[in-house]
Amino acid sequence: MNTPTAPFAGRAVHRVGYGALQLERLHDRRDEAVALLRRAVELGVDHVDTAQFYGFGFANDVIREALRPEDGVLVVTKVGADPDPGGPLPLKPAQRPEQLRASVEDNLRSLGVDQLPVVNLRRLDSGPGLRPEGDQVVDLDHQLAVLTALRDEGKVGAIGLSSVTLDVLRRALPAGIACVQNAYSLVARDDEDLLQLCRAEGIAWVPFFPLGGAFAGLPRATDEPAVQAVGADLGVTAAQVGLAWLLHHAPNVLLIPGTADPAHLEANVAAAAITLDDAAMAALDAVESRSAEVPIGAARGEGGS
């Protein structure tokens, strides 16, 4: 079902992957979580986005159990935050170089691998949730130095960035960047310049919140009359139209929608096969882009649809 591909970290992957954040919803139904990932593989999903802090390690544990080497799934993880179960948010910044190294080691252990194919540096420059304070305000060069050292050591295959600005990406380019994850959707296209720079540099653009705001008061693509009309014309859901628009918008877009529901998973993957003609794209391109800025402290994660 999942047939279109695009380059990512030196290989071709299907353009719709899976974001593991939502696995936390199955914390008390582990067998269902494992079965969901197995179903994703059956549907052609070959890249999965995770982090040790998703579900305080639960997502990585499920991935380790569910995925097999012969599945050929590219597991992408991220560093830059640590779990904080007792804090006002479930996360706390972990931006210092020694914390980034420790997070890589934690992900290696929990996933049971010798190398993490792609590690995203979750900066705190933009996007939802945390902002750095005190000793968590760390220069990009120091962070890239430890990640490139880990790459040289063979513990990291490729380096990505998450929640960054255009300036940060430009500064990071000499280090070799495989992907960028920022909040981006049909209704929140503030980072269009970032997307286009990634396209020019051959960097995968992996948007989180791909259908818009996951929080009250933020725009959602599925609420747009134009999106609903295109869906009705094609006999698909508004959510599928929002995902399909992203895939049509730029060839370097890869999606990682998350879900805990098998039917929703199938619908997300099926979005890769939707064809939007010129008239549909024109109608969707005309939808107003609005700010997707999430109040600090409001966000728990990303990747979901």
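The UniProt record's numbering applies: residue 1 is where the sequence shown begins, and numbers increase by one.
Idealized CB from N, CA, C, for every residue including glycine.
- Put D31 into one of helix, strand or coil per three-state DSSP. Three-state DSSP puts D31 in a helix.
- Query: With distances taken between CB atoms, is the gap from G157 to P207 smaller than 8 Å?
  - Reply: Not closer than 8 Å, so no.
- Of the residues L186, T5, L89 and S163, the one placed nearest P225, counting alpha carbons only: When only C-alpha atoms are compared, the closest one is L186.
- Run of the alpha helix (DSSP H) containing A226, from where it starts to where it stops: Taken as a continuous stretch (DSSP letters only), the alpha helix (DSSP H) holding A226 covers P225 to L234.
- Task: Name the residue from A59, L91, A102 and G17 whose alpha carbon lies nearest to the alpha carbon of A72.
- Result: Checking the sequence shown, residue 72 turns out to be Gly, not Ala. For the residues A59, L91, A102 and G17, the minimum Cα distance to G72 belongs to G17.
- Buried/exposed call for A188, threshold 16 Cβ in 10 Å: Looking at its Cβ environment, which holds 16 or more other Cβ atoms inside 10 Å, A188 is buried.
- Query: Start and end of the beta strand (DSSP E) containing T259?
  - Reply: Where T259 is concerned, there is no enclosing beta strand (DSSP E), because DSSP gives it neither an H nor an E.
- Query: Helix, strand or coil for S305 per DSSP?
  - Reply: Any reading at S305 must be qualified, since the residue scores a pLDDT of 48, below 50, and its modelled position is unreliable; the value itself is stated next. In the structure shown, S305 sits in coil (DSSP, three-state: anything other than H, G, I, E or B).
- Message: Rounded to the nearest angstrom, what separates A299 and P128 at their Cα positions?
- Response: Low per-residue confidence applies at A299: pLDDT is 46, beneath 50, and the placement is therefore not dependable, though the value from the model is reported in the following sentence. Straight-line Cα distance between these residues: approximately 5 Å.
- Which term fits D49, buried or exposed, when burial requires 16 or more other beta carbons within 10 angstroms of its beta carbon? Around the Cβ of D49, a 10 Å sphere holds 16 or more other Cβ atoms; the residue is buried.
- Query: When burial is assigned at 16 or more other CB atoms within 10 Å of the CB, is R29 buried or exposed?
  - Reply: Classified as exposed, R29 has fewer than 16 neighbouring CB atoms from the shown chains inside 10 Å of its CB.
- Query: If you compare alpha carbons, which of M281, Q52, A81 and E70 is closest to V41?
  - Reply: Checked all of M281, Q52, A81 and E70; the closest Cα to V41 is E70.
- Query: In the DSSP assignment, what are the bridge partners of H47?
  - Reply: Within the DSSP secondary-structure output, H47 pairs in a beta bridge with L74.
- What three-state label does DSSP hand P210 in the structure shown? Reduced to three states, the DSSP call for P210 is coil.
- Leaving aside the five residues before and after T259 along the sequence, list all residues of the same chain whose C-beta is less than 6 Å from its C-beta, in chain order. Taken in chain order, the residues that qualify are Q22 and L265.
- Item | Span of the alpha helix (DSSP H), counted from its first residue to its last, around S103 | That run of the alpha helix (DSSP H) goes P97 to L111.
- Please determine, among L108, F53 and A204, the residue with the shortest C-alpha to C-alpha distance to R15. When only C-alpha atoms are compared, the closest one is A204.
- Query: Of the choices N252, T275 and P219, whose alpha-carbon is the least far from that of Q240?
  - Reply: Taking the Cα of Q240 as reference, the smallest distance to any Cα among N252, T275 and P219 is reached at T275.
- Collapsed DSSP secondary structure at T148 in the structure displayed: Note: T148 maps to helix in three-state DSSP.
- Contact belief for L130 with A183 at Cβ below 8 Å, rounded distance in angstroms: That pair is no contact at about 14 Å.
- Just to check, is the beta-carbon of R109 closer than 7 Å to a non-hydrogen atom of the ligand FMN? The ligand content of the structure shown is nil, which means the ligand FMN is not present either.
- How do the stretch 141 to 161 and the stretch 211 to 224 stand: do at least 3 beta-carbon pairs fall below 8 Å, yes or no? Fewer than three pairs of CB atoms, one per stretch, sit closer than 8 Å, so the stretch 141 to 161 makes no contact with the stretch 211 to 224.
- Find the nearest neighbour of R39 within the set R109, G86 and A66, judged by alpha-carbon distance. Each of R109, G86 and A66 was checked against the Cα of R39, and the nearest Cα belongs to A66.
- Query: Which residue's Cα is closest to the Cα of E98: Q136, A221, G86 and P90?
  - Reply: Nearest to E98 by alpha-carbon distance, out of Q136, A221, G86 and P90, is Q136.
- Item | Buried versus exposed call for E192 [16 or more other C-beta atoms within 10 Å across all chains shown] | Exposed, by the Cβ-count rule.
- Item | Cβ-based neighbour list, A283, same chain, cut-off 6 Å, excluding 5 preceding and 5 following | Excluding positions up to five away in sequence, the list reads A226.
- Task: Let me know if V13 comes out buried or exposed under the rule of 16 or more other beta-carbons within 10 Å of its beta-carbon.
- Result: Buried, since its Cβ has 16 or more Cβ neighbours within 10 Å.
- Query: At which residues does the alpha helix (DSSP H) containing R170 begin and terminate?
  - Reply: Unbroken alpha helix (DSSP H) run through R170: L166 to A172.
- Task: Identify the continuous beta strand (DSSP E) that holds A6 and give its terminal residues.
- Result: For A6, the enclosing beta strand (DSSP E) covers residues T5 to F8.
- Message: Can you tell me whether R290 is helix, strand or coil according to DSSP?
- Response: Correct three-state label for R290: coil.
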